[in-house]
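When the letters of the sequence shown are read in order and numbered with numbering that gives the first Met the number 0, they come out as residues 0 to 207. Cβ coordinates follow ideal geometry from the N, Cα and C atoms, glycine included.
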Amino acid sequence: MTGSVRRAGSGWGARVARSAAAALALFAMAGCGIRSTDVPVDAGPAPTRTTCDAPAEVGGAGLRTEVYLVCGSRVNPVERAIELPADTTDRIAVATALLDELQSDPGREERAAGFSSEVPDDLDVSGPAANDPAEALRLNKRPGDLPAAALGQIVCTFAHSDSLGNGGTVMLGGPVDSPHGGQPKRYRCSTAMWGIGTPGLVPPISER
0 MTGSVRRAGS GWGARVARSA AAALALFAMA GCGIRSTDVP VDAGPAPTRT
50 TCDAPAEVGG AGLRTEVYLV CGSRVNPVER AIELPADTTD RIAVATALLD
100 ELQSDPGREE RAAGFSSEVP DDLDVSGPAA NDPAEALRLN KRPGDLPAAA
150 LGQIVCTFAH SDSLGNGGTV MLGGPVDSPH GGQPKRYRCS TAMWGIGTPG
200 LVPPISER
C-alpha cells in the first residue's frame with residue numbers, strides 16, 4: 000500500500016513539473032510576441048531614485064517650449080529654450096527643430112531627475128506627400144516601427160505645438176515608398192500616455 004502511494008505521489012509531481020514547464024513555455028512565447036505589436040512595449044525597469052521632476056530653471060536663448068521625454072514608465076513634458084524659426088507657420092522647420100531637440104541628449108539636471116530620450120538619431124521629418132492632407136507630416140520610418148516610447152515623445156511634442164498640433168492630435172505617416180504602407184494617421188496625445196501604473200511599460204498611443 001505504501002509503495003502504491005509513493006508511485007501516485009511521484010506521478011502527481013511529474014504532472015506538476017510538466018504543467019510548470021508548459022506555463023513557462025507559453026510565457027516565453029508571449030514575450031517573443033511583444034516586438035510584433037506597436038504598443039505597449041517593455042521599456043525595462045523604472046530607474047531607481049529618480050524624481051521625474053522637470054528642472055525649474057530653463058537656460059539658453061530661444062522660445063520656452065515643451066518637449067516630452069521618457070522617465071520610468073511615463074512620457075513627461077520638460078520645458079526647454081528652443082530656437083524655433085521666426086515664421087512659425089513653416090511647419091516643416093518647426094517639426095525639424097522639435098525633432099532635433101528630442102534627439103539631443105538630456106541636460107545634466109534632466110538626467111539627474113531620470114529623464115531620457117528614445118527618439119532615434121537617424122529619424123527625419125518632412126512635409127505631406129502628394130494627395131496627403133496639408134497637416135500631415137511624414138517620417139523616414141513608419142510610426143508603428145518606432146519604439147513606443149519614441150513615438151509617444153514625438154506625438155505628444157508635436158501635438159502640443161501650436162504650429163503642428165490640431166486639438167491635441169498630430170497626423171503622422173511613414174515613407175511614401177514604404178512596402179507596408181505609410182499613409183498618414185492621426186495620433187492623439189492623451190493623459191493615458193502619461194503613466195499606466197505598470198513599471199517598465201510605455202503607455203499606448205491613441206490613434207484615430
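For residue i, which residues from the same chain have a beta carbon less than 8 Å from its beta carbon, with the 5 sequence-adjacent residues on both sides left out?
| i | result |
| --- | --- |
| Lys140 | Pro119, Leu122, Gly173, Pro174 |
| Ser177 | Arg141 |
What three-state label does DSSP hand residue i in the structure shown?
| i | result |
| --- | --- |
| Ala135 | coil |
| Cys188 | coil |
| Arg141 | coil |
| Val77 | strand |
| Thr50 | coil |
| Glu82 | coil |
| Val175 | coil |
Cutting at 6 Å between CB atoms, please list the residues of its own chain near residue i, excluding the five before and the five after it.
| i | result |
| --- | --- |
| Arg110 | none |
To which residues of the same chain is residue i closer than 7 Å at the C-beta, ignoring the five residues directly before and after it?
| i | result |
| --- | --- |
| Gly32 | Legend: pLDDT at Gly32 = 30, less than 50; position of this residue unreliable, value from coordinates given subsequently. Result list for Gly32: empty, nothing under 7 Å. |
Go to residue i, then tell me how far its alpha helix (DSSP H) extends in each direction, as first and last residue.
| i | result |
| --- | --- |
| Thr156 | 147-158 |
| Val93 | 90-102 |
So residue i is in the beta strand (DSSP E); what residue range does that whole segment cover?
| i | result |
| --- | --- |
| Val169 | 168-172 |
| Val69 | 62-70 |
Contact the region 135-154 vs the region 87-105: 3+ CB pairs below 8 Å:
yes
Given 8 Å as the limit, is there contact between the region 104-116 and the region 59-71, that is, 3 or more CB pairs closer than that?
yes
Any chance you could list the alpha helix (DSSP H) runs of at least 4 consecutive residues sitting entirely within the region 104-132, in chain order?
107-112
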